[in-house]
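As structure tokens, the structure follows; a few thoughts come after it.
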Amino acid sequence: MPSLFDKIWDAHCIADLGGGTALIAIDRIFLHERTGAAALKSLAEASRAVVDPSRVFAVMDHIVDTRPGRGDGTLMKGGEAFITETRAACHAAGITLFDVNDPNQGITHVISPELGIVLPGLTLIAPDSHTCTQGAFGALAWGIGSSEAEHAMATGTLRVAKPKTMRVTFSGALKKGVTAKDMILRLLADYGAGGGAGHIVEFTGDAVTALDMEARMTLCNMATEFAAFSGIIAPDEKTYAYLKGRRYAPDPLPDWSSLATDPDAVFDHEIAIDASSIKPMVSWGTSPGESVPLSARVPQEANAKALVYMGLESGQSLEGLRIDVAFIGSCTNSRLSDLRRAADLVKGQHVAPGVLALVVPGSSAVKRAAEAEGLDQIFTGAGFQWRESGCSLCFYAGGESFPAGSRVISSTNRNFEGRQGPGIRTHIASPEVVAASALAGRITAP
Amino acid sequence: MMPFTTLTSLTMPLIRDNVDTDAIIPSREMKSTGKTGLADGLFAPWRYLDAAARTPDPDFVLNDPTYSGAQILISGENFGCGSSREHAVWALAEYGFRCVIAESFAPIFRNNCVRNGLLPIGLARAVPDELKSAIITIDLAAQSIQFGEQLLSFEIDEEAKNMLLEGMDAIDLTLKQKDAIQNWQSNDRSNRPWVYL
Ligand code: SF4
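Going down the list, the sequences are from chains H and R. Residue numbers for the first sequence follow numbering that gives the first Met the number 0, so the first one is 0 and each next one is one higher. Residue numbers for the second sequence follow numbering that gives the first Met the number 0, so the first one is 0 and each next one is one higher.
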């Protein structure tokens, strides 16, 4: 009667440390330049080596410039040091690095699946909270801090408090124009940004199995916004088809058919959502849980601090709200299928006057594939900037931002105060909603 | 790491839910690849009217002289959510905090606290008013908070408690189990050879 999570946990448990904590074997580690250099430097200062560097990977995604023709330089003051120090530390430790202009460069959680680094049944950790994205492949993948990254590199293990289990079942079919982004925003709106605290959340139900792998990643991506330990989806034929032939995936693929929750498994918590009732969503506040259907109004009992920051009033309608910026990117929604759907909407049209619009592909491979299909031409023809891949303006590193006080419709995952720059007002939504809003200059349904 | 045994201090109330790590230390304040020099950027978005000029916002609790020297921060639900940046904990610790009491914590932040000698106390209910802006005594071994005549107990898992009490380095602790790890790995190499690259 174990769940998928229990099976992976038990298979990786080296020792019971008592009090609900276990020593868990770690199969893959991923670092990025924002936190990677700190972890590697601190490890080296303690004269500790990386035990198995062949299973540790690193990439430049957070601070790296996304303007065309980039090198190590960044608009962030001191940003270049993160890049050069990470590079030196990776070389010294013998870690595979996907460097600034490597053809495999991209956002950690986009390239790890692309390269077949994440695989079903593995444990994978990264000092990045959106590592949960990779749970879409049936792996136990979770975010940690720098100290734990050091621990994993030095020992091949982590000391982990066993999370509780939660199953979120989406049944029924999604309506046209409704996406995985709307599913997760609906969950957050209904159960709050703390709703999954301390739980590993398995997403299941026919609406989940119907999703392609890229949409499943979007769903798992925001498990961290639910305060969950991570999200996970059982692997199936779609998972295997996606992974087959990827650079680091085994050939042939092993038999992963036992990686599923047993029918009689019991979860600590169950949530059921009728997928057919989900509407396109948008956030209004400064926590991802502060989201509503696009057609709804800002709630009456809205948190006052968030209203002031966002320049909104209770009862105000979100549809029709003027925007200054439209941003398509991030590990949530910047894969090829996201860009295709957005391009479909903007084809032959133009961004509204005065709106700054950008598309930042999630990886260099996504960028090349999009260009091969002519998506870049559709976007630039419609007045969008077309960037090199990276996290870019998903967050404000201290360099590039949007014009002060901008209202941004964004395909990202966080609408925190200042997340995209001081005073920037972020509304998160699907790439479709972002594209449609870019054209209209106002928050608009696709 | 400095052990945490008991602590008597004034508490500083920052009563909000979902205080995220971007608010605790914005990315722009993480200016070097090291773990220090962060205290000045702690809560920068709320603490300064103008972050570049470092003009303090007199209405923000960190700038209220009443609370100078307070080593315990009190907050609401889901404290430390968002980015996994350990800088949030490093900044709090460097500023002088040794304990955060909240209704709940985001999991990565909580683990980061334990790794750095900062005690996270989750109360799983509204923080009693008497705890706010009060001088209280925390006894980790007894898992108790004393304020005035009252005594409140709190939950914490064994692993975190021991690590904090002893000020232990988790890596050293784990390396004591080197043999178990090696045994596990050599078995695993034959069971799942495809995992090893
Ligand atoms: S795209 Fe945004 S959320 Fe994703 S890893 Fe980068 S900064 Fe974090």
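Yeah, the Cβ is synthetic: ideal placement off N, Cα and C, and Gly gets one too. Remember, it's a predicted structure, so these values are computed and weren't measured experimentally.
Near the ligand SF4: residue i beta-carbon under 8 Å from a heavy atom
| i | result |
| --- | --- |
| C393(H) | yes |
| H108(H) | yes |
| T411(H) | yes |
| S363(H) | no |
| D447(H) | A question about residue 447(H) goes unanswered here, because the residues of chain H that appear run from 0 up to 445. |
| T20(R) | no |
| G328(H) | yes |
| H129(H) | yes |
| S286(H) | no |
| T260(H) | no |
| S82(R) | yes |
| C219(H) | no |
| C98(R) | no |
| T425(H) | no |
| T331(H) | yes |
| C89(H) | no |
| C12(H) | no |
| C390(H) | yes |
Distance between residue j and residue i (C-alpha atoms, nearest Å)
| i | j | result |
| --- | --- | --- |
| H198(H) | C219(H) | 13 Å |
| G147(R) | I135(R) | 8 Å |
| C80(R) | T73(H) | 27 Å |
| P112(H) | G35(H) | 19 Å |
| C390(H) | H150(H) | 26 Å |
| F29(H) | P126(H) | 8 Å |
| M75(H) | A396(H) | 6 Å |
| C197(R) | A92(H) | Nothing can be reported for residue 197(R), as the shown portion of chain R is limited to 0 through 196. |
| V177(H) | M309(H) | 25 Å |
| G353(H) | A403(H) | 14 Å |
| T5(R) | S128(H) | 32 Å |
| A271(H) | A206(H) | 11 Å |
| G95(R) | L258(H) | 46 Å |
| W193(R) | Y239(H) | 15 Å |
| T35(R) | L61(R) | 19 Å |
| P251(H) | R245(H) | 11 Å |
| A325(H) | V433(H) | 6 Å |
| D15(H) | V159(H) | 10 Å |
| S53(H) | L91(R) | 35 Å |
| D56(R) | C12(H) | 49 Å |
| R424(H) | G155(H) | 41 Å |
| A381(H) | M59(H) | 29 Å |
| L117(R) | K243(H) | 45 Å |
Residue i: first and last residue of the uninterrupted alpha helix (DSSP H) it sits in
| i | result |
| --- | --- |
| S436(H) | 430-439 |
| V88(R) | 86-94 |
| S145(H) | 145-154 |
| Q158(R) | Note on residue identity: the sequence assigns Glu, not Gln, to residue 158(R). First-last of the alpha helix (DSSP H) with E158(R): 157-165. |
| C89(H) | 78-92 |
Endpoints, beta strand (DSSP E) assigned at residue i
| i | result |
| --- | --- |
| M182(H) | Not the beta strand (DSSP E): M182(H) falls in the alpha helix (DSSP H), residues 179-190. |
| I28(H) | 27-31 |
| Y47(R) | 47-49 |
| M280(H) | 280-282 |
| V207(H) | Element bounds for V207(H): not the beta strand (DSSP E) but the alpha helix (DSSP H), 205-208. |
| M165(H) | 163-170 |
| T95(H) | 95-97 |
| D51(H) | Where D51(H) is concerned, there is no enclosing beta strand (DSSP E), given that its DSSP letter is neither H nor E. |
| M11(R) | 5-12 |
| R424(H) | 424-427 |
| H268(H) | 268-273 |
| P192(R) | Segment: none, P192(R) is in no beta strand (DSSP E) and carries neither H nor E. |
| G35(H) | From DSSP, G35(H) is part of no beta strand (DSSP E) but of the alpha helix (DSSP H) over 35-44. |
| W141(H) | 139-142 |
| C219(H) | Premise fails: C219(H) lies in the alpha helix (DSSP H), 212-220, not in any beta strand (DSSP E). |
Proximity test, residue i beta-carbon vs the ligand GDP heavy atom, cut-off 8 Å
| i | result |
| --- | --- |
| K175(R) | As for the ligand GDP, it is missing from this structure, which binds only the ligand SF4. |
Selection of the region 16-35 of chain H by Cβ proximity to chain R, strictly under 8 Å: Result list: L16, G17, G18, G19, T20, L22, A24, D26, R33, T34.
Stretch-stretch touch, CB-based, cutoff 8 Å, three pairs: the region 433-442 of chain H with the region 305-319 of chain H: yes
The region 83-90 of chain R contacting the region 112-124 of chain H, beta-carbon criterion three pairs below 8 Å: no
Positions along the region 236-247 of chain H whose CB lies within less than 7 Å of some CB in chain R: So the list reads Y247, given in the order they occur along the chain.
Any 3 or more C-beta pairs closer than 8 Å across the region 369-387 of chain H and the region 331-351 of chain H: Counting Cβ pairs under 8 Å, three or more are found: they touch.
Three CB pairs or more closer than 8 Å across the region 128-143 of chain H and the region 226-242 of chain H: yes
Cβ contact check for the region 17-25 of chain R and the region 38-46 of chain R: 3 or more pairs under 8 Å: yes
The region 274-290 of chain H contacting the region 11-25 of chain H, beta-carbon criterion three pairs below 8 Å: no
Cβ contact check for the region 398-415 of chain H and the region 295-304 of chain H: 3 or more pairs under 8 Å: The region 398-415 of chain H is not in contact with the region 295-304 of chain H.
Segment contact flag, the region 102-109 of chain H with the region 59-73 of chain R, C-beta cutoff 8 Å, min 3 pairs: no
Chain-ordered residues of the region 119-140 of chain H with a beta carbon less than 9 Å from chain R: G120, L121, A125, P126, D127, S128, H129, T130
Contact list for the region 186-220 of chain H against chain R, Cβ threshold 9 Å: G191, A192, G193, A196, G197
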